[in-house]
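J.: Sharing a structure here in structure tokens format.
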Amino acid sequence: MQETEQHRVPGRYGTEEIAENQLEAWPNQYAVRDYVTHFEIPEFTCLCPRSGFPDFATIIIDYVPDQSVVELKSLKLYINGFRNRQISHEASTNVILDDLVTLLAPRWMRVVGDFTVRGNVKTVITTEFAQSDYQGPRPELRRYLPTNG
């Protein structure tokens, strides 16, 4: 049976969209000023590279954009691409930071992977990037960061 746009096989549309997705940057209309963008992604999943069991986390992304911001649908699909990937807590958090820094060249960025307890161990991974001449968000902006900036 051939699929039509109206009669897609359930589950395949999202899988195809995730597989074809590329993170996308958009021009920052407010690059003249510092401001913090905050994302919380509470349904992050990946697979343990040793056991293959699922790991669950909230990924928190805070950044001060420079010339570009991330397009939100591309970010959502990118994050969903970790679902069937065998990758450690440390690696997943650092890969997200590296990919976003490569795409956006932000002034400053922090990515936190707050993983659900598994095997009686709670893991929180925090990674951070700053342009060499940038000291991070000004104190009056940092106080609003939920990740205790």
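To convert, note that position 60 of the sequence shown is 61 in the numbering used here; the numbers rise steadily by one, no gaps. Built from N, CA and C at the ideal position, the CB exists for glycine as well.
Would you call Q136 buried or exposed, if buried means 16 or more other Cβ atoms sit within 10 Å of its Cβ?
T.: Along the sequence shown, read from residue 1 onward, the residue named residue 136 stands at position 135. Classification of Q136: exposed, given that the 10 Å Cβ count is below 16.
J.: With V112 and I60 assumed to form a contact (beta carbons below 8 Å), what rounded beta-carbon distance in angstroms separates them?
T.: Locating residue 112 in the sequence shown gives position 111, where the first residue counts as 1. Locating residue 60 in the sequence shown gives position 59, where the first residue counts as 1. Their Cβ separation, rounded to whole angstroms, is 7 Å, which keeps V112 and I60 in contact under 8 Å.
J.: When DSSP labels each residue in this structure, what does S75 get in the three-state scheme?
T.: As a working mapping, residue 75 is identified with position 74 in the sequence shown. Residue state, collapsed to three classes: helix.
J.: Taking the continuous alpha helix (DSSP H) assigned at L146, which residues delimit it?
T.: Working through the sequence shown from its first residue, we reach residue 146 at position 145. Note, L146: premise wrong, no alpha helix (DSSP H); not H, not E.
J.: What is the C-beta distance between V65 and P28, in whole angstroms, given that I count them as a contact (C-beta under 8 Å)?
T.: Here residue 65 corresponds to residue number 64 of the sequence shown, with the count starting at 1. Here residue 28 corresponds to residue number 27 of the sequence shown, with the count starting at 1. Contact flag wrong, Cβ pair sits at about 16 Å.
J.: What's the call for T16, buried or exposed, on a 16-neighbour Cβ count within 10 Å?
T.: As a working mapping, residue 16 is identified with position 15 in the sequence shown. T16 is exposed by the Cβ-count criterion.
J.: Identify every residue that forms a DSSP beta bridge with T16.
T.: Translated into positions along the sequence shown, residue 16 becomes position 15. BP columns for T16 are empty, so no partner.
J.: Excluding sequence positions up to five away, which residues of its chain have a Cβ less than 8 Å from the Cβ of Q87?
T.: By 1-based counting over the sequence shown, the position of residue 87 is 86. Same-chain partners within the cutoff: C47, L48, C49, P50, G53.
J.: Whole angstroms is fine: what's the gap from F31's alpha carbon to S69's?
T.: To locate residue 31, count along the sequence shown from 1; it is residue 30. To locate residue 69, count along the sequence shown from 1; it is residue 68. The sequence shown places Tyr at residue 31, rather than the Phe named in the question. Going by the C-alpha atoms only, they are around 9 Å apart.
J.: Cβ of L78 within 7 Å of Cβ of E25?
T.: The sequence position of residue 78 within the sequence shown is 77, counting from 1. The sequence position of residue 25 within the sequence shown is 24, counting from 1. Cβ distance not < 7 Å, so L78 and E25 don't count as in contact.
J.: The beta strand (DSSP E) with A26 in it runs from where to where?
T.: Numbered from 1 along the sequence shown, position 25 holds the residue referred to as residue 26. Taken as a continuous stretch (DSSP letters only), the beta strand (DSSP E) holding A26 covers 26 to 28.
J.: Work out the CA separation of S93 and D56 for me, nearest whole Å.
T.: Here residue 56 refers to the residue found at position 55 of the sequence shown. Here residue 93 refers to the residue found at position 92 of the sequence shown. Between D56 and S93, the C-alpha separation is close to 11 Å.
J.: In the structure shown, what three-state DSSP assignment does D56 receive?
T.: The count along the sequence shown starts at 1 and reaches residue 56 at position 55. D56 falls in the strand class under three-state DSSP.
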